[in-house]
Amino acid sequence: MTYRASNDPPHGTVGAPRVEAARAKLTACNVDVFYGEKHAIKDVSLDIGRNEVTALIGPSGCGKSTFMRCLNRMNDIIDICRVTGTITLDGEDIYDPKIDVVHLRARVGMVFQKPNPFPKSIFENVAYGPRIHGLASGKAGLEEIVLTSLKRAGLLEEVKDRLHAPGTSLSGGQQQRLCIARAIAVSPQVILMDEPCSALDPIATARIEELIDELQHNFTIVIVTHSMQQAARVSQRTAFFHLGELIECGMTEQIFTNPLHRLTQGYLTGRFG
Amino acid sequence: MTDTKTSSLVPSAVYDRLRRRRAAERRFRFYGLAAVGLALMMLVFLFVSIVRQGYSAFTEHVITLTVALDPAVIDPEGRRNSQSLSSADYQRLVRESLAALFPDVTERAERRLLFGLLSSGASHRLRDVVMREPARIGTTVVIETPLDDDADRFLKGLVSPDVPESERRIKDRQIVWLKALHAGGGIHNRFNTTLFTAGDSREPELAGILGAVVGSFYLMLTTVVLSFPIGVAAAVYLEEFAPRNRFTDLIEVNINNLAAVPSVVFGLLGLAIFLDFFGLPRSASLVGGLVLSLIILPTIIIAARAALKAVPPSIREAALGVGASKMQSILHHVLPLAVPGIMTGTIIGMAHALGESAPLLVIGMVAFIVDVPVTPLDPTTVLPVQIYLWADSAERAFVERTAAAIMVLLIFLIAMNALAVIIRKKFERQW
Numbered sequence: 001m002t003y004r005a006s007n008d009p010p011h012g013t014v015g016a017p018r019v020e021a022a023r024a025k026l027t028a029c030n031v032d033v034f035y036g037e038k039h040a041i042k043d044v045s046l047d048i049g050r051n052e053v054t055a056l057i058g059p060s061g062c063g064k065s066t067f068m069r070c071l072n073r074m075n076d077i078i079d080i081c082r083v084t085g086t087i088t089l090d091g092e093d094i095y096d097p098k099i100d101v102v103h104l105r106a107r108v109g110m111v112f113q114k115p116n117p118f119p120k121s122i123f124e125n126v127a128y129g130p131r132i133h134g135l136a137s138g139k140a141g142l143e144e145i146v147l148t149s150l151k152r153a154g155l156l157e158e159v160k161d162r163l164h165a166p167g168t169s170l171s172g173g174q175q176q177r178l179c180i181a182r183a184i185a186v187s188p189q190v191i192l193m194d195e196p197c198s199a200l201d202p203i204a205t206a207r208i209e210e211l212i213d214e215l216q217h218n219f220t221i222v223i224v225t226h227s228m229q230q231a232a233r234v235s236q237r238t239a240f241f242h243l244g245e246l247i248e249c250g251m252t253e254q255i256f257t258n259p260l261h262r263l264t265q266g267y268l269t270g271r272f273g
Numbered sequence: 001m002t003d004t005k006t007s008s009l010v011p012s013a014v015y016d017r018l019r020r021r022r023a024a025e026r027r028f029r030f031y032g033l034a035a036v037g038l039a040l041m042m043l044v045f046l047f048v049s050i051v052r053q054g055y056s057a058f059t060e061h062v063i064t065l066t067v068a069l070d071p072a073v074i075d076p077e078g079r080r081n082s083q084s085l086s087s088a089d090y091q092r093l094v095r096e097s098l099a100a101l102f103p104d105v106t107e108r109a110e111r112r113l114l115f116g117l118l119s120s121g122a123s124h125r126l127r128d129v130v131m132r133e134p135a136r137i138g139t140t141v142v143i144e145t146p147l148d149d150d151a152d153r154f155l156k157g158l159v160s161p162d163v164p165e166s167e168r169r170i171k172d173r174q175i176v177w178l179k180a181l182h183a184g185g186g187i188h189n190r191f192n193t194t195l196f197t198a199g200d201s202r203e204p205e206l207a208g209i210l211g212a213v214v215g216s217f218y219l220m221l222t223t224v225v226l227s228f229p230i231g232v233a234a235a236v237y238l239e240e241f242a243p244r245n246r247f248t249d250l251i252e253v254n255i256n257n258l259a260a261v262p263s264v265v266f267g268l269l270g271l272a273i274f275l276d277f278f279g280l281p282r283s284a285s286l287v288g289g290l291v292l293s294l295i296i297l298p299t300i301i302i303a304a305r306a307a308l309k310a311v312p313p314s315i316r317e318a319a320l321g322v323g324a325s326k327m328q329s330i331l332h333h334v335l336p337l338a339v340p341g342i343m344t345g346t347i348i349g350m351a352h353a354l355g356e357s358a359p360l361l362v363i364g365m366v367a368f369i370v371d372v373p374v375t376p377l378d379p380t381t382v383l384p385v386q387i388y389l390w391a392d393s394a395e396r397a398f399v400e401r402t403a404a405a406i407m408v409l410l411i412f413l414i415a416m417n418a419l420a421v422i423i424r425k426k427f428e429r430q431w
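For the protein sequence lines, the chains are A and B, in the order given. Just so we're aligned: 221 in the working numbering is position 221 of the first sequence, and the numbers increase by one with no gaps anywhere. Just so we're aligned: 353 in the working numbering is position 353 of the second sequence, and the numbers increase by one with no gaps anywhere.
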């Protein structure tokens, strides 16, 4: 792993990839990712602000998902993947060999593109995380965590009578909210969402977006999305990736109304992507 | 559907191509149907020929004899201890009781013919009765005892009386007696329990498959206890933990190769290692199980790896995403989802092992063993080897018993394969 001075101005990136140090939850410095020979992420430096929603946008294959998966080291499970640079969570280097990746993933939760509930009951889906981390004291405690998580994910009303029905029996939107409930059940500080609405219809999408609005008070959220409207609706800050490079980053309003880089402008106006 | 022939909208070149395509499709379907039909025909042919040959083995003719338990013959010295009781001349008693039914048969050669109708097992039956209840000595007992296999076959209609007497084992005189006994109710046909309760024997009417079934059971037990955990552990390691490099590629190629090695080679390996080197007992089902474990291990590993690979990566990601360790994600999520596939592979491997005979011949399980094994270390034989042994026997009555044993083996195989299907259907989950 190569270390560089963290205050290097990220060359190539325009806008404001950095936030004030006090507000930064996650800080990425000069991150490069290689899949074998392929250079997937090129020298990306980006801050993720505390308790706000950061949207990562860009055309397919631009590396936004890859970058996000670096934030909870999900790329570790891919043999040929190599990450250099530093990423810190509250000032702590998450690629430090002393870091327990299991503990990291409990702090940085993840919601995937395709809803992927375990083929178990709704209750078990949510209870699994707290159980393996020993977060609940006794059966009643576990039940409380499950119910609270389902409630915060806006799913409790719909499923409270059938908590022991299989999670896979829910509709796609409900499954995705179940996955969100599962992620927040382990009380993470950051939630990464990898195109959480791409498999959902507009109504289910609207529910998830409402949910993101509510969750941002308690969690730091990073969302990868292909829908620019969605990025505009839910995020405070937006980062635009192109061909593995972070082209532009800034407040969402500014990016969508007054993009600085011509690539950002081109993407937002639909000229490519 | 519109008729393309009359439609002017379709140019003739397109129409020709469509027609050819449909013809090709029909041809393809016909080939498939023909293949399935042929396979089914072979199967029906196999079953019909086995059942036709073997159904008669499931019944036997028994003769009812009233035997006077003469103390002077059984225990002339009146000691009544088990040694003298077990060595008494029961054959004489049985024969006398049969001779009493035909008082006019007095000539020596004729008497021998008459006694030839009885199975040599008759005296054992009588001895068993006396040993169980020595108090009955001095009274008369009624016993049912199997007929000799030739007489049994005649009564089942398997021997034609039209064949010249010199060319059949059952003689005209015996036929007369048999008919008389049959008409008088002295002989009746019943379900052949001997076939399922006895070990092997030189006498077809006394031979059973119990020894082979128990031997096969111990063999399967040893095989599954050894190969299932080893196979699953190897598959989990290779699929989930092992790095992908030249060495693991080599292992993979070798596992696939081992699955195709002729099983008799494994038998030779077992002979060299388990018998010669470790000095384990010959003909024991334990050794057979060890050898069969080696044979089906590649099958289980390949099936288990395929089952693990089929678990969607999203499940692993979901588990890792909530902070499960790699081992937790495998034990809690991946393995349970792979269980149906692993079980199916294992059961099919076991069915393969149950039908295996060549490697077992090499490690000496082909011996003639009368006793039903009690432990996996006792010498035994197994069903397929028993079939081989019987098929090799000269007595005609072993032909039907061979077919009956094949039927029993097939029933076990069908049951195991059905179990595999049921398990797959039952545990198949949606995600």
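In this text, a Cβ means the ideal position worked out from N, Cα and C, and glycines have one as well.
Contact of K114/A with chain B is assigned, a C-beta pair being separated by under 8 angstroms.
Distance from the Cα of A394/B is smallest, within the candidate group R169/B, G121/B and T106/B, for R169/B. With fewer than 16 other CB atoms across the displayed protein chains lying within 10 angstroms of its CB, M327/B is exposed. Within the same chain, and ignoring the five residues on either side of F266/B in sequence, the residues whose Cβ sits closer than 7 angstroms to its Cβ are V291, L294, I295 and P359. With respect to S314/B, L320/B sits apart: the two C-beta atoms are not nearer than 8 angstroms. Under the DSSP assignment, H103/A falls outside any beta strand (DSSP E), being part of the alpha helix (DSSP H) whose first and last residues are V101 to R107.
At a cut-off of 8 angstroms between beta carbons, I132/A contacts chain B. Residues are counted here when their Cβ sits less than 9 angstroms from a Cβ of chain A; for the region 315-343 of chain B these are I315, R316, E317, A318, A319, L320, G321, V322, G323, A324, S325, K326, Q328, H332, H333, P336 and L337, given in chain order. At least one C-beta of chain B is nearer than 8 angstroms to the C-beta of D79/A.
Under the Cβ criterion of 8 angstroms, M193/A is not counted among the residues facing chain B. Legend: CB atoms of the region 239-270 of chain B lying less than 8 angstroms from CB atoms of chain A belong to residues P243 and R244. According to the DSSP assignment, P229/B belongs to the alpha helix (DSSP H) that extends over L210 to V236.
M74/A reaches chain B at E317, L320 and G321, counting residues in chain order whose Cβ is nearer than 8 angstroms.
When DSSP reads this structure, F241/A sits in a beta bridge with L246/A. Contact annotation for G129/A against chain B: V322 and G323 [CB-CB distance below 7 angstroms, chain order]. Counted as a single uninterrupted DSSP element, the alpha helix (DSSP H) harbouring S86/B occupies residues S82 to S86. Residue pairing by DSSP puts R82/A in a beta bridge opposite F34/A. The way I'd put it, the region 32-39 of chain A does touch the region 65-75 of chain A; three or more beta-carbon pairs between them come closer than 8 angstroms. The C-beta of V224/A comes no closer than 8 angstroms to any C-beta of chain B.
By the Cβ test, the region 214-221 of chain B is in contact with the region 365-377 of chain B, since at least three Cβ pairs between them sit closer than 8 angstroms. Just measuring C-alpha positions, the residue of P59/A, E20/A and V83/A sitting nearest H39/A is V83/A. Counting along the chain, the unbroken beta strand (DSSP E) around M193/A starts and ends at V190 to D194. In this chain, F154/B is not harboured by any beta strand (DSSP E); it is covered by the alpha helix (DSSP H) spanning D149 to L155.
In the structure shown, the three-state DSSP call for F118/A is coil. R105/A has a beta carbon lying within less than 8 angstroms of a beta carbon in chain B. In this structure, DSSP gives M110/A an extended state, which the three-state scheme calls strand. Counting along the chain, N254/B sits inside the alpha helix (DSSP H) bounded by residues R246 to L258.
The Cβ neighbour count for P146/B, taken over all protein chains shown within 10 Å, is at least 16; the residue is labelled buried.
P71/B counts as exposed, since fewer than 16 other beta carbons sit within 10 angstroms of its beta carbon. Distance from the CA of G266/A to the CA of F240/A, rounded to the nearest whole angstrom, comes to 11 angstroms. Segment contact: the region 217-227 of chain A against the region 51-65 of chain A, three or more CB-CB distances shorter than 8 angstroms; contact assigned. The residue among T139/B, L389/B, I414/B and R17/B with its C-alpha nearest the C-alpha of G208/B is L389/B. Separation of A88/B and L126/B (C-alpha to C-alpha, rounded to the nearest whole angstrom) is 10 angstroms.
Secondary structure in the region 97-182 of chain B: the beta strand (DSSP E) runs of 3 residues or longer, each lying completely within the stretch, are 140-146 in chain order. Scanning its chain for C-beta atoms nearer than 6 angstroms, with the 5 sequence neighbours on each side dropped, one finds around A303/B the residues G345, in chain order.
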